[in-house]
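Asker:
In my numbering, the protein residues as written are 202 to 459.
This is the structure in structure tokens:
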């Protein structure tokens, strides 16, 4: 029986290396230095500031509900029940490009840049001449964030409680893929009409105390592919051809020397 040449084993080894692209655990694990830190101070979530394009529901109530009715933007939704009675809901206010909303009775109000608590206080103050004990509740209806790139479920997500951390956002997107670059996630944020970008390193525990740990409405996260993924995308077709050719050559050599 003929002996298979040594270079056949070399080809087999090269083929195995091409097929299996191993990713180091150092590139996958989050918070790699967490054990070295004695403690980490986590900053509280920033109160979201109202921006142009936001949709707000603002409900005004009082001891006497009828006196508060003129200050609510109420619409009647068509009913699907047998009684044919529609339901009353608050129509959302859209903040225009200049930062204003049109509020019943009070008129045009500039609210851009305010937090919900600031706007609540201002509305209560403006309503006191009309209502004895006004109660104001505000919600941002279209609070959303977008996650793109190397995640399992990219897309735009609504945030109901108006508070979400970068880890919770990644959880919504089904976590990063194994090819996601964990030490350079790009955060795209718009502030005061300007778009800013910030790199976030999830392999470091510093992110927990970072001002970017909590996301703001309309934030975009982009997860870049790591080096292995990028190389596979660049050389993938050539590698596939090389593997096919190597397989044929190895098969022929095996036949000839058996």
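Positions of the beta carbon are idealized from the N, C-alpha and C atoms, including for glycine.
All of these numbers come straight from a predicted model, not from anything done at the bench.
#1: What is the DSSP secondary structure of residue 324, reduced to helix, strand or coil?
#2: Examine the ligand PLP and report whether any of its heavy atoms sits within less than 7 Å of the Cβ of residue 349.
#3: Closer than 8 Å is the cut-off here; do at least three beta carbon pairs connect the region 399-408 with the region 345-363?
#4: Suppose contacts are defined by Cβ-Cβ distances below 8 Å. Is residue 363 in contact with residue 348 by that definition?
#5: List the residues that DSSP assigns as beta-bridge partners of residue 291.
#6: Taking 8 Å as the threshold (C-beta atoms), are residue 271 and residue 306 in contact?
#7: Do you know offhand how far residue 312's Cα is from residue 427's?
#8: Spell out a yes or no on whether the region 363-373 and the region 291-305 are touching, meaning 3 or more CB-CB pairs, one atom from each, closer than 8 Å.
#9: Alpha carbon to alpha carbon, what distance is there between residue 344 and residue 387?
#10: What whole-angstrom Cβ distance do residue 261 and residue 328 have, given they're in contact under 8 Å?
#11: Can you grab the Cα-Cα spacing for the pair residue 415 / residue 401, in whole Å?
#12: Would you call residue 395 buried or exposed, if buried means 16 or more other Cβ atoms sit within 10 Å of its Cβ?
#13: Work out the CA separation of residue 256 and residue 359 for me, nearest whole Å.
#14: Given that a residue counts as buried once 16 or more other Cβ atoms are within 10 Å of its Cβ, and exposed if not, what is residue 309?
#15: Quick one: using the 10 Å Cβ neighbour count with 16 as the cut-off for buried, is residue 266 buried or exposed?
#16: Please list the segments of the beta strand (DSSP E) lying wholly inside the region 303-351, counting only runs of 3 or more residues, in order along the chain.
#17: Roughly how many angstroms lie between the CA atoms of residue 258 and residue 423, to the nearest whole one?
#18: Under the assumption that residue 425 contacts residue 385 (Cβ atoms under 8 Å), give the Cβ distance between them as a whole number of angstroms.
#19: If you run the structure through DSSP and keep just helix, strand and coil, what is residue 266?
#20: For a test of the three-state rule: what should DSSP assign to residue 369, helix, strand or coil?
#21: With distances taken Cα to Cα, identify the nearest neighbour of residue 382 among 403, 292, 393.
#22: Starting from residue 260, follow its DSSP beta bridges and name the residues at the other end.
#23: Measuring only the C-alpha atoms, how far is residue 335 from residue 351?
Answerer: This is what the structure holds:
#1: Counting from 1 along the chain shown, the entry for residue 324 is found at position 123. Residue 324: helix per DSSP, three-state reduction.
#2: By its list of ligands, the structure shown contains no ligand whatsoever, and the ligand PLP lies outside what it can speak to.
#3: no
#4: On the chain shown, position 162 is the one that residue 363 refers to. On the chain shown, position 147 is the one that residue 348 refers to. Result no, Cβ atoms of residue 363 and residue 348 do not sit closer than 8 Å.
#5: As a position in the chain shown, residue 291 is number 90, starting the count at 1. Paired residues: 275.
#6: Counting from 1 along the chain shown, the entry for residue 306 is found at position 105. Counting from 1 along the chain shown, the entry for residue 271 is found at position 70. Contact: yes.
#7: One-based indexing of the chain shown puts residue 312 at position 111. One-based indexing of the chain shown puts residue 427 at position 226. Their Cα atoms are separated by approximately 42 Å.
#8: no
#9: Position 186 of the chain shown, counted from the start, is the residue given in the question as residue 387. Position 143 of the chain shown, counted from the start, is the residue given in the question as residue 344. Cα to Cα, residue 387 sits roughly 20 Å from residue 344.
#10: Residue numbering aside, residue 261 sits at position 60 when the chain shown is read from its first letter. Residue numbering aside, residue 328 sits at position 127 when the chain shown is read from its first letter. With 8 Å as the limit, residue 261 and residue 328 qualify as a contact, their Cβ atoms being about 7 Å apart.
#11: Reading the chain shown from its first residue, position 214 is the one you call residue 415. Reading the chain shown from its first residue, position 200 is the one you call residue 401. About 12 Å.
#12: Numbered from 1 along the chain shown, position 194 holds the residue referred to as residue 395. Flag for residue 395 reads exposed.
#13: Translated into positions along the chain shown, residue 359 becomes position 158. Translated into positions along the chain shown, residue 256 becomes position 55. Computed Cα separation, rounded: 13 Å.
#14: On the chain shown, residue 309 is found 108 positions in, with the first residue counted as 1. Exposed: under 16 other Cβ atoms inside 10 Å.
#15: As a first step, residue 266 is located in the chain shown; it is residue number 65 there, counting from the start. When all chains shown are included, residue 266 counts as exposed.
#16: 308-311, 336-341, 345-350
#17: By 1-based counting over the chain shown, the position of residue 258 is 57. By 1-based counting over the chain shown, the position of residue 423 is 222. Residue 258 and residue 423: Cα-Cα distance of roughly 30 Å.
#18: In the chain shown, counting from the first residue as 1, residue 425 sits at position 224. In the chain shown, counting from the first residue as 1, residue 385 sits at position 184. Right, their Cβ atoms sit about 6 Å apart.
#19: As a first step, residue 266 must be located in the chain shown, where it is residue number 65. It is helical.
#20: The count along the chain shown starts at 1 and reaches residue 369 at position 168. Note: residue 369 maps to helix in three-state DSSP.
#21: Sequence index remark: in the chain shown, residue 382 carries index 181 (1-based). Cα-wise, what sits closest to residue 382 is 403.
#22: Here the question's residue 260 lines up with position 59 in the chain shown. DSSP lists 338 as partners of residue 260.
#23: Your numbering for residue 335 matches position 134 in the chain shown. Your numbering for residue 351 matches position 150 in the chain shown. Looking at the two C-alpha atoms, the distance is approximately 48 Å.
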